[in-house]
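Chemist: At position 133 of the sequence shown (counting the first as 1) the number is 133 in full-length UniProt numbering, and the numbers step up by one without a gap.
Yeah, the Cβ is synthetic: ideal placement off N, Cα and C, and Gly gets one too.
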Amino acid sequence: MKYVSGPYFEPDFDPLLYRFGFDDDCDGRLCMVACRVVVDNETREDCTLVKVDSVNRDGVLLEMVQLLTDLDLVISKSYISSDGGWLMDGKNPSLFHVTDQMGRKLTDPSLPEFIQRALVPCQRPGGNGPSPRFTTCLGNVVGPGGPDVSDCAALEFTVHDRPGLLSSITQVLADNGCHIASGQAWTHSGRAAGVFYITTPAPAEAAAAPPPPSRWEHIEGLVDAVMGAREKLTGERHWVCMSAPVEGRVHTERRLHQLMHDDRDYESGPAATPVDEEHFSMGDKAATTARLSRRVETRVSIESWEERGYAVVKMTSRDRPKLLFDTVCALTDMHYVVFHATVGSQGPLAIQEYYIRHKDGRTVDSNAERQKVSRCLVAAVERRASHGAKVEVRAADRSGLLSDFTRMLREHGLSLLRVELMRRKDEAVGTFYLVTDAGGEVRADALHAVRARVGKMGISFEVAKDAPGWPPVRKTSVPAPPTEEAPAVAPPAAQGQERPRSTLGSLLWSHLGKLSNNFGYIRS
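Listed below in structure tokens is the structure:
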């Protein structure tokens, strides 16, 4: 069964003929039908194909990947291609291979329309009105920016990471009547960044009156003082911003990538290791899999394809959820546009290849720029890498809950690597990744001690394990995208290498199609 949003194109039809026209949702104006979505459940037995035909405008790829990720869909493999200013052309369709979190195909007939309306403002009810909302397979409600935080102030910060940091911040907030409704915090390379959404109970006689801007400025100053007390001694930089409630906030995880990129967390550590080119060839997969038994590190190589004006970025890393989203965020933050790409996996190894240009038209010109791009991509992947003991916490939502919980962790010598907080009706739900204050593995007896203490406070504390892997699927063959009579050619290992003369589209699809057929599935 195929669910289609917008006209379904028969094989002999040219989508270019349908890209312009009068649209009722655009008040009768001549406008561009900027996005069409086809959800195909017939072609593959193991997954659903989501095909999106869209104008290749600035940031559209990130919006698509972000939306599919927010819908709790698992992107197992994807082809990305632009042609003549269009992303995912109908004749050589670029695809997202997806399932829900249980490994099942998508069957909701309202999904294609939701995706289209979420991506195209003029197709929403009322023109530029709010995006529609959708309930995912995990029960999460998806709308603009994820959960509705339009009534919350936002606390954002970047600071040198240290034991007890979040406990100190949450204590200040609790002492000043601030409640953390939701948010996230990440750590990487000795730096920490957080985005928390804050509410304050209003007095009964002024329940409808929001706190004045001066109140948020006051709280910002208090948090800044807590962070700055240590930073003044060490000379480390920090940044704090408290903003009043506003509509249309930036996606939380997207914002965290921006904060850590602006904080230059990518500068520390050694230079990125080049990829093993055999992972991008059609060689013996058994030999490759044997080498993957060792620890998988994130590797990046960048080459120039001067004839076509592309920089070719190759990446390998351990496969994990949301990997594609994190990579595209990094490229977007550096103002690079993705024109063609393919992603997949070999065993535990995720393999990505991107053909990019800077927004100003240049490629990655200098060795210094290659080093920076490589470091930024490695940082984007490693920020969300799962380390430490993962615990899941639930409790009746109340003021000061996070402050009490983080104080218990601090008293038991535990530090936080990553935090995810959300509110489901009247319940607070949190996921925490823990290590010792020295950065070591947390012992089972320490976790038992914390569980016993927080249990007396009405907090459910459970040690969790990450999903064992991509949901089991039937590995059927993947037909290569259509090609012309052009040979499959990989990007050159050195600049100036001679290439067969062929159309760019046929050459890329031949190469990307054969490359992808050698891949398994990623868990982005």
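#1: Between the C-alpha atoms of Gly-177 and Ser-399, what's the straight-line distance to the nearest angstrom?
#2: Between which two residues does the beta strand (DSSP E) harbouring Val-312 extend?
#3: Taking all protein chains shown into account, do 16 or more other C-beta atoms lie within 10 angstroms of the C-beta of Met-64, making it buried, or fewer, making it exposed?
#4: Considering only the alpha carbon of each residue, which of Arg-249, Arg-255, Glu-156, Lys-372 lies closest to residue 525?
#5: Below 8 angstroms, how does it come out for the region 395-415 and the region 320-338: are there three or more Cβ pairs, yes or no?
#6: Using the rule of at least 16 other Cβ atoms within 10 Å of the residue's Cβ for burial, across every protein chain shown, is Leu-138 buried or exposed?
#7: Is the Cβ-Cβ distance between Val-419 and Ala-185 less than 8 angstroms?
#8: Apart from the five residues just before and just after Val-275, which ones in its own chain have a Cβ nearer than 6 angstroms to its Cβ?
#9: To the nearest angstrom, report how far apart Leu-434 and Val-343 are at their CA atoms.
#10: Does Val-149 come out as helix, strand or coil in the three-state DSSP assignment?
#11: From Leu-106 to Leu-67, what does the alpha carbon distance come to, in whole angstroms?
#12: Roughly how many angstroms lie between the CA atoms of Arg-264 and Ser-366, to the nearest whole one?
#13: Tell me whether Thr-273 sits in a helix, a strand or coil according to DSSP, three-state version.
#14: Exposed or buried, what is Glu-462 when buried is set at 16 or more other beta-carbons lying within 10 Å of its beta-carbon?
#15: Should Ala-272 and Ser-374 be called a contact, given that it needs their Cβ atoms to be closer than 8 angstroms?
#16: Output the distance between the C-alpha atoms of Gly-221 and Ser-268, rounded to the nearest integer angstrom.
#17: If I measure Cβ to Cβ from Thr-43 and keep anything under 7 angstroms in the same chain, skipping five residues before and after, which residues do I get?
#18: Take His-412 and list the residues in its own chain whose beta-carbon comes closer than 7 angstroms to its own, dropping the five residues that flank it on each side.
#19: Quick one: give me the first and last residue of the beta strand (DSSP E) that Ser-386 is part of.
#20: Per DSSP, what kind of secondary structure is Gly-28 in: helix, strand or coil?
#21: Counting pairs of Cβ atoms below 8 angstroms between the region 255-264 and the region 167-175, do you hit three or more?
#22: DSSP three-state label for Lys-107, please.
#23: Can you check whether the CB of Ala-192 is closer than 8 angstroms to the CB of residue 560?
#24: Which of helix, strand or coil does DSSP assign to Ala-395?
#25: Any idea if Asp-100 is buried or exposed, counting beta-carbon neighbours within 10 angstroms, 16 or more meaning buried?
#26: Residue range of the alpha helix (DSSP H) that Gly-455 falls in?
#27: Taking the Cβ atom as the reference point for each residue, do Val-37 and Pro-109 lie within a distance shorter than 8 angstroms?
#28: So, helix, strand or coil for Asp-89, using DSSP?
#29: Whole angstroms is fine: what's the gap from Ser-524's alpha carbon to Val-98's?
#30: Could you check where the beta strand (DSSP E) with residue 532 kicks off and where it finishes?
#31: How far does the beta strand (DSSP E) with Cys-241 in it extend, from its first residue to its last?
#32: So for Gly-194, helix, strand or coil by DSSP?
#33: Kindly identify the DSSP beta-bridge partner or partners of Arg-36.
#34: Leaving aside the five residues before and after residue 585 along the sequence, list all residues of the same chain whose C-beta is less than 7 angstroms from its C-beta, in chain order.
#35: Report back the beta-carbon spacing between Tyr-197 and Ser-214 to the nearest angstrom; my notes put them in contact at under 8 angstroms.
Modeler: According to the data block:
#1: Residue mapping note: residue 177 aligns to position 177 of the sequence shown, counting from 1. Residue mapping note: residue 399 aligns to position 399 of the sequence shown, counting from 1. Roughly 8 angstroms separates the two Cα atoms.
#2: For the purposes of this step, residue 312 is taken as the residue at position 312 of the sequence shown. From DSSP, the beta strand (DSSP E) with Val-312 extends over 310-318.
#3: Here residue 64 refers to the residue found at position 64 of the sequence shown. The residue is buried, with at least 16 neighbouring Cβ atoms inside 10 Å.
#4: Given a span of 1 to 524 for the chain in the structure shown, any question on residue 525 remains unanswerable.
#5: no
#6: Locating residue 138 in the sequence shown gives position 138, where the first residue counts as 1. The residue is exposed, with fewer than 16 neighbouring Cβ atoms inside 10 Å.
#7: As a first step, residue 419 is located in the sequence shown; it is residue number 419 there, counting from the start. As a first step, residue 185 is located in the sequence shown; it is residue number 185 there, counting from the start. Going by C-beta atoms, Val-419 is nearer than 8 angstroms to Ala-185.
#8: Here residue 275 refers to the residue found at position 275 of the sequence shown. Taken in chain order, the residues that qualify are Arg-299, Ser-301, Lys-314, Thr-316.
#9: Within the sequence shown, residue 434 is the residue found at index 434, counting from 1. Within the sequence shown, residue 343 is the residue found at index 343, counting from 1. Looking at the two C-alpha atoms, the distance is approximately 31 angstroms.
#10: On the sequence shown, position 149 is the one that residue 149 refers to. Residue state, collapsed to three classes: coil.
#11: Residue mapping note: residue 106 aligns to position 106 of the sequence shown, counting from 1. Residue mapping note: residue 67 aligns to position 67 of the sequence shown, counting from 1. Note on geometry: alpha-carbon atoms of Leu-106 and Leu-67 lie some 15 angstroms from one another.
#12: Start at 1 with the first residue of the sequence shown, and residue 264 comes out as number 264. Start at 1 with the first residue of the sequence shown, and residue 366 comes out as number 366. About 19 angstroms.
#13: Within the sequence shown, residue 273 is the residue found at index 273, counting from 1. It is a strand residue.
#14: On the sequence shown, position 462 is the one that residue 462 refers to. Exposed, because fewer than 16 other Cβ atoms sit within 10 Å of the Cβ of Glu-462.
#15: Counted from its first residue, the sequence shown places residue 272 at position 272. Counted from its first residue, the sequence shown places residue 374 at position 374. Cβ atoms of Ala-272 and Ser-374: closer than 8 angstroms.
#16: Counting from one through the sequence shown, the residue named residue 221 turns up at place 221. Counting from one through the sequence shown, the residue named residue 268 turns up at place 268. For Gly-221 and Ser-268, the distance between alpha carbons rounds to 29 angstroms.
#17: Position 43 of the sequence shown, counted from the start, is the residue given in the question as residue 43. For Thr-43, where only same-chain residues beyond five positions count, the Cβ hits under 7 angstroms are Leu-49.
#18: Translated into positions along the sequence shown, residue 412 becomes position 412. The residues are Ala-446, Ala-449, Val-450.
#19: Here residue 386 is taken as the residue at index 386 of the sequence shown, counted from 1. No beta strand (DSSP E) holds Ser-386; DSSP gives it neither H nor E.
#20: Counting from 1 along the sequence shown, the entry for residue 28 is found at position 28. Annotation note: pLDDT 39 at Gly-28 (below 50); position unreliable, no value reported.
#21: Taking 8 angstroms as the limit for Cβ pairs, the verdict is that the region 167-175 does not touch the region 255-264.
#22: Against the sequence shown, residue 107 aligns to sequence position 107. Checking the sequence, you will find Thr at residue 107 rather than Lys. Coil at Thr-107, not helix or strand.
#23: For the chain, the structure presents residues 1 to 524; residue 560 sits outside this window and is missing.
#24: Sequence index remark: in the sequence shown, residue 395 carries index 395 (1-based). The answer is strand: DSSP assigns Ala-395 an E or B state.
#25: Translated into positions along the sequence shown, residue 100 becomes position 100. Result: buried.
#26: Position 455 of the sequence shown, counting from 1, holds the residue named residue 455. Segment 444-455, the alpha helix (DSSP H) holding Gly-455.
#27: As a working note, residue 37 is residue 37 in the sequence shown. As a working note, residue 109 is residue 109 in the sequence shown. Contact flag unset, no.
#28: Position 89 of the sequence shown, counting from 1, holds the residue named residue 89. Per-residue confidence for Asp-89 stands at a pLDDT of 43, beneath the threshold of 50, marking its modelled position as unreliable; the derived number appears in the next sentence. Coil.
#29: Residue 524 sits at position 524 when you count from the first residue of the sequence shown. Residue 98 sits at position 98 when you count from the first residue of the sequence shown. Their Cα atoms are separated by approximately 9 angstroms.
#30: Nothing in the structure corresponds to residue 532, since the chain is present only between 1 and 524.
#31: Locating residue 241 in the sequence shown gives position 241, counting from the first residue. Segment 239-243, the beta strand (DSSP E) holding Cys-241.
#32: Locating residue 194 in the sequence shown gives position 194, counting from the first residue. Strand, per DSSP.
#33: Stepping through the sequence shown from its first residue, residue 36 is reached at position 36. Note: Arg-36 sits in a beta bridge opposite Asp-53.
#34: No answer is possible for residue 585: the residues shown for the chain start at 1 and end at 524.
#35: Sequence index remark: in the sequence shown, residue 197 carries index 197 (1-based). Sequence index remark: in the sequence shown, residue 214 carries index 214 (1-based). At roughly 20 angstroms, the Cβ-Cβ gap does not stay under 8 angstroms, so Tyr-197 and Ser-214 are not in contact.
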